[in-house]
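Protein chains in written order, with the numbering used here: chain X, 1 to 105; chain L, 1001 to 1105. The C-beta atom is built at its ideal place from N, Cα and C for all residues, glycine as well. Here's the structure we're looking at; comments come further down.
Protein chains: 2
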Amino acid sequence: MADAKAARRDPRRELEELDRVFKALAHPARRQILMVLHFRGGEMTAGGIAGRFACSWPTTSRHLKQLEQAGLVTVESVGRERIYRIDKALLGRTAGEWLRWFEKV
Amino acid sequence: MADAKAARRDPRRELEELDRVFKALAHPARRQILMVLHFRGGEMTAGGIAGRFACSWPTTSRHLKQLEQAGLVTVESVGRERIYRIDKALLGRTAGEWLRWFEKV
DNA sequence: TAATAACTTAGCGAAATCGCTAAACGTCAT
DNA sequence: ATGACGTTTAGCGATTTCGCTAAGTTATTA
Chain X
1 MADAKAARRD
11 PRRELEELDR
21 VFKALAHPAR
31 RQILMVLHFR
41 GGEMTAGGIA
51 GRFACSWPTT
61 SRHLKQLEQA
71 GLVTVESVGR
81 ERIYRIDKAL
91 LGRTAGEWLR
101 WFEKV
Chain L
1001 MADAKAARRD
1011 PRRELEELDR
1021 VFKALAHPAR
1031 RQILMVLHFR
1041 GGEMTAGGIA
1051 GRFACSWPTT
1061 SRHLKQLEQA
1071 GLVTVESVGR
1081 ERIYRIDKAL
1091 LGRTAGEWLR
1101 WFEKV
């Protein structure tokens, strides 16, 4: 999990964060997880997510981990479930901002 | 190279195009190539690009090929040089549009 | 306390990715 | 024709990624 606050000041960390985000977005399953998360209100349990995907639960679990390491989702353990929440703001300020360079001028 | 016109109608091709684009954006060197291309007016020769990067020329050449297959750049052979041009519009209508889902609502 | 539910971690094999060097290719100048 | 230039293709080894199954781990339920 990337510390967003730290990344915002240190350009080196900022680049690493951008890289993790784009790497996370490189796999269709991970993009779909973010979509599902978004259209279901922003949060879901691991099982709720895994149940919607064709691949095995452990595989989905690892995708979730990568999303978490990129900072695109956060997790909270509640009882024996884990709740994943999307961080839409990060998406905008990393990948979104990078893309915006090509719109300007 | 992905046929953009075809991709715009067929949802399956559209998804494949999106996937190629995000895969292309997953590598920092390829993102930088697009940046350099953009800030130098949108077009450059292969050598002009390769000269700005630390990695070997063949490696850069392969990155360019991936960008081309994603449709993010186009090539034109002129004499013994090859001119690469960025397609900013594609960037916006694939990755950009995907990201915009998370801004709406 | 034993079983079950909800997940993650470990570990494996196949395939993709990335960097390099060496070789090939088409074009231009001599 | 010969050689040099600009660039891509071929091919290799190292690393990463992705899917799976099996084996944990922690929290509830019986």
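So which of the options has the shortest CA-CA distance to residue i?
i	options	result
Gln-1032(L)	Lys-1104(L), Glu-1014(L), Trp-1101(L) and Cys-1055(L)	Cys-1055(L)
Val-21(X)	Trp-98(X), Trp-57(X) and Arg-40(X)	Trp-98(X)
Phe-39(X)	Val-78(X), Lys-88(X) and Ala-70(X)	Lys-88(X)
Arg-62(X)	Ala-29(X), Gly-42(X) and Gly-92(X)	Ala-29(X)
Glu-1014(L)	Ala-1070(L), Ala-1026(L) and Phe-1102(L)	Ala-1070(L)
Leu-90(X)	Trp-57(X), Gly-48(X), Arg-12(X) and Thr-74(X)	Thr-74(X)
Trp-101(X)	Gly-1042(L), Lys-1104(L), Ala-1026(L) and His-1027(L)	Gly-1042(L)
Glu-1103(L)	Glu-103(X), Lys-104(X) and Gly-96(X)	Gly-96(X)
Tell me which residues share the same chain as residue i and place their Cβ nearer than 8 angstroms to its Cβ, disregarding the 5 neighbours each side in the sequence.
i	result
Glu-76(X)	Arg-82, Ile-83 and Arg-85
Met-44(X)	Val-36, Leu-37, Ile-83 and Tyr-84
Gly-1106(L)	Absent from the structure is residue 1106(L), since the part of chain L shown begins at 1001 and ends at 1105.
Ala-2(X)	Bear in mind that a pLDDT of 49 at Ala-2(X), under 50, signals an unreliable position, so the number given afterwards is only what the model happens to contain. The answer, listed in chain order, is Arg-13, Glu-16, Glu-17, Arg-20, Gln-69, Ala-70 and Gly-71.
Ile-49(X)	Ile-33, Val-36, Leu-37, Thr-60, Leu-64 and Tyr-84
For residue i, I'd like the list of residues in its chain whose CB is within less than 6 angstroms of its CB, leaving aside the five on either flank, ordered along the chain.
i	result
Gln-1066(L)	Ala-1024
Asp-53(X)	The sequence given here places Phe at residue 53(X); Asp does not occur at that position. Cβ within range, chain order: Thr-60.
Ala-1046(L)	Arg-1082
Gly-79(X)	none
State the DSSP-derived secondary structure class of residue i, mapped to helix, strand or coil.
i	result
Arg-20(X)	helix
Arg-1062(L)	helix
Glu-1103(L)	coil
Arg-40(X)	coil
Arg-1052(L)	coil
Arg-80(X)	coil
Gly-1047(L)	helix
With a threshold of 7 angstroms on Cβ separation, who are the neighbours of residue i within its own chain once the five nearest residues in sequence on each side are excluded?
i	result
Thr-94(X)	Glu-17, Leu-18 and Val-21
Trp-1057(L)	Ala-1050
Interfacial residues, the segment 1034 to 1066 of chain L to chain X, with Cβ spacing under 8 angstroms
Leu-1034, Met-1035 and His-1038
Taking any Cβ of chain X, which residues in the segment 1068 to 1097 of chain L have a Cβ under 7 angstroms from it, in chain order?
Lys-1088, Leu-1091, Gly-1092, Ala-1095 and Gly-1096
Members of the segment 15 to 29 of chain X that neighbour chain L once the beta carbon cut-off is set at 7 angstroms
Asp-19, Phe-22, Lys-23, Leu-25, Ala-26 and Pro-28
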